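Protein sequences appear in the order of chains A and B.
Under full-length UniProt numbering, the residue at position 17 of the first sequence is numbered 17, and the numbers go up by one with no gaps.
Under full-length UniProt numbering, the residue at position 167 of the second sequence is numbered 167, and the numbers go up by one with no gaps.
Just so you know, even glycine gets a beta-carbon here, dropped at the ideal spot from N, CA and C.
Keep in mind the model is a prediction, meaning the values are calculated, not measured.
Number of protein chains: 2
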Amino acid sequence: MSAESPPHPDHRDVEDLARGVRSGNRVSVARAITLIESRKPAHRVKARLLLTTLNDAAGSALRVGITGVPGAGKSTMIDALGTLLVRKGHRVAVLAVDPSSTRSGGAILGDKTRMATLAAEENAFIRPSPSSGTLGGVARTTRETILLCEAAGFDVILVETVGVGQSEVTVAGMVDFFLLLMIAGGGDELQGIKKGVMELADMIAITKADSGNEHAARRAAGDYRAGLHILTPASATWKPPVITISSRDGIGLEDLWANVLSHRATLEATGEFASKRRDQDVRWMHAMIEDQIRQAFLTNEAATAKIEALESEVRRGAKPPSVAADEVTSLIFGRA
Amino acid sequence: MSAESPPHPDHRDVEDLARGVRSGNRVSVARAITLIESRKPAHRVKARLLLTTLNDAAGSALRVGITGVPGAGKSTMIDALGTLLVRKGHRVAVLAVDPSSTRSGGAILGDKTRMATLAAEENAFIRPSPSSGTLGGVARTTRETILLCEAAGFDVILVETVGVGQSEVTVAGMVDFFLLLMIAGGGDELQGIKKGVMELADMIAITKADSGNEHAARRAAGDYRAGLHILTPASATWKPPVITISSRDGIGLEDLWANVLSHRATLEATGEFASKRRDQDVRWMHAMIEDQIRQAFLTNEAATAKIEALESEVRRGAKPPSVAADEVTSLIFGRA
């Protein structure tokens, strides 16, 4: 109190990094992402400090989640939409949530190759999925990366999910708008989409409404429009539209973006836009707490071996599941 | 090993109780349910022993979950269906999952009053929802009660859910067949059903297709039938039918039950019936482990107070969710 103490070296580091991120410096953004992706306790301390420092920028971008059935042309669509947005003057970050990914030069190259036009834009930033193994880990770093990108001045964040495990639910829980890409396929395309995903969608876009295929796409759109009637809308004030687009021919992307903006305006008018973000943040906090507790207790060798053995007993009907569960928790808590 | 030791008194108790349950003695079944509902560690030890003893009877009943929108007449329908099944020679147990319930004389009376015809049947057993507070607790005792009822010779278990919180997902995860009751209501009825529930259904029954209302019910059935096309079926071999019923006029209940049996026959033919049960058991074991760990760490006073304080900081945007989560887990694990 009496004399000014020099800032803690860690703090100075982090302040420099925060300044770099805020100036939009790509090297700083990349270094910040590497820091938040690290699981070392010392790095987590720094990451917490960095995120707290940059927290005032949280929520400054429009966050759009994108999923789709295999074959819907997700990369092509993101490449086309991202390029359109950059040319409109936006700064666009593309993040991915793929719990099955592994960090490799190939994956990064892959992401930039499959979105070649967008990757060449100065005002675009493409980041492959973090690969910390669990969906919880991938989700954490992606959410924190969104915050870093917002601090760096990106005003549109596109979060792509590959649809592995619960990744759609996870991504829908971190974005303002969730877009589902489907194709006209006579019902077969439904095999590629998991239960519950349809109801997460704020809009469905039937892709590949390319020249010659418009009729099939429009018919599919009509089917989805009729079908959505039996589903509970996410918001009382927003009815998910069904549109057709052709990324190849550049058709429907302006309409798509107009719908995203109209959704924001509609939900902002009722206060839902802000309250949805607050709810997402609170749920996210709880999910992270549970994930970390699970990690702490269920990933050690003894617990893993015990769970595996009991799982096979339960699977062949030799032991009631609740008895097996009690045995695991007895092991964890050291009770008889 | 050398001399026979007398059975442990607890074991003798439990063996008596198990014998009583197997003989279908109602007092024994009620005592066994009271035992498994107890959270006292000594009772849990006995309950584990009881469940392990009775485990050979697990899965001997057909388990049907029932949910519906408010106003669909769930109790009336269960009363009518249960009575029909008893008269066909079945022994029917009705259980409920209502995480909001409180144990009271009134609730038990209520359950028997709202299913008055069924309650009067010798071969029916109606048990109100356990009230152990959390959905995890209610789910555990309900699953264990299913096992007790199966050991007691009930061959049809109807599990009703009131649709609070995640209770539909929980019930769908413990039954062979999940039935959704809807009414003809021009879209308003959708407000009463939570997201994702439609896709859990193995069948939709439009209720109150009473004399004079058949046309509206049939039209609603057609709408749902068309709408289901855009949803991913739970099984590749079973397309959820949409039927109309009138519990009041006793119409459609035979058809309803025929569909439940047809579902079982179809899934048994492919092996899905047994594999679905095994998967449910394994998932159930994991859910219980996580629930118990969560209970152990997140329900003490210090953790609850800390979480509440951080939740309000996160809600007003003063702290990033992941930073708040780290603070909670630091408190739990005693790290800085």
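For D291(B), the closest C-alpha among the options A325(A), A258(A) and R283(A) is that of A325(A).
In this structure, I146(B) sits near M174(B), with a CB-CB distance shorter than 8 angstroms. Note on geometry: alpha-carbon atoms of T117(B) and N123(B) lie some 12 angstroms from one another. Between I157(A) and M182(A), the C-beta spacing is not below 8 angstroms. Counting only the Cα atoms, V314(B) lies some 19 angstroms from V171(A).
Of the residues assessed, L261(B) falls on the exposed side of the cut-off, its CB having fewer than 16 other CB atoms within 10 angstroms.
Selection R140(A), T34(A), V197(A) and I293(A) evaluated against V69(A) yields V197(A) as nearest (Cα-Cα). For G227(B), the closest Cβ of chain A is nearer than 8 angstroms. Of the candidates Q166(A), L179(A) and A18(A), A18(A) places its Cα closest to the Cα of A151(A). With respect to T52(B), P320(A) sits close: the two C-beta atoms are nearer than 8 angstroms. Non-local beta-carbon contacts of M115(A) in its own chain, meaning distances under 8 angstroms to residues more than five positions away in sequence, involve S75, I78, D79, G82, V94 and I126 in chain order. DSSP, read as helix, strand or coil, puts G68(A) in strand.
By the neighbour-count definition (other C-beta atoms within 10 Å, threshold 16), S322(B) is a buried residue.
Here E254(B) has L84 as same chain residues with Cβ atoms under 8 angstroms from its own Cβ, once five neighbours each way along the sequence are excluded. When the Cα atoms are used, S131(A) and D98(A) turn out to be separated by approximately 8 angstroms. Interface with chain B (8 angstroms Cβ-Cβ cutoff): V282(A) is included.
Boundaries of the alpha helix (DSSP H) around T76(B): K74 to R87.
Separation of D202(A) and S312(B) (C-alpha to C-alpha, rounded to the nearest whole angstrom) is 28 angstroms. Annotated three-state conformation of S129(B) is coil, per DSSP. For the stretch 271-295 of chain B, residues whose beta-carbon sits nearer than 7 angstroms to a beta-carbon of chain A comprise R278, D281, V282, W284, M285, M288, I289, E290, Q292, I293 and R294. The three-state secondary structure of M182(A), taken from DSSP, is strand. V29(B) places its beta carbon less than 8 angstroms from that of L148(B).
W238(A) is bridged by DSSP to S235(A). In the displayed model, S23(B) falls within coil according to three-state DSSP, outside both helix and strand. Per DSSP, reduced to three states, the secondary structure at T304(B) is helical. One finds nothing in chain B with a Cβ atom closer than 9 angstroms to the Cβ of L181(A); even the nearest lies about 14 angstroms away. Look at R31(A): its C-beta is not under 8 angstroms from any C-beta on chain B. For F154(A), no CB of chain B lies under 8 angstroms from its own CB, so it is not counted at the interface with that chain. With contacts defined as CB atoms closer than 8 angstroms, I245(B) and N259(B) fail to qualify as a contacting pair. The beta carbon of F125(B) sits no closer than 8 angstroms to any beta carbon of chain A. Taken in chain order, the members of the stretch 195-215 of chain B whose beta-carbon sits within less than 7 angstroms of a beta-carbon on chain A are K195, G196, M198 and E199. Assignment of F297(A) by DSSP, reduced to helix, strand and coil, places it in the helix class. R26(B) is classed as exposed because its beta carbon has fewer than 16 other beta carbons within 10 Å across all chains shown. A direct Cα-to-Cα measurement between R31(B) and V45(B) gives close to 15 angstroms. Not one beta carbon of chain B lies nearer than 8 angstroms to the beta carbon of S131(A). A325(A) belongs to the set of residues whose beta carbon lies under 8 angstroms from a beta carbon in chain B.
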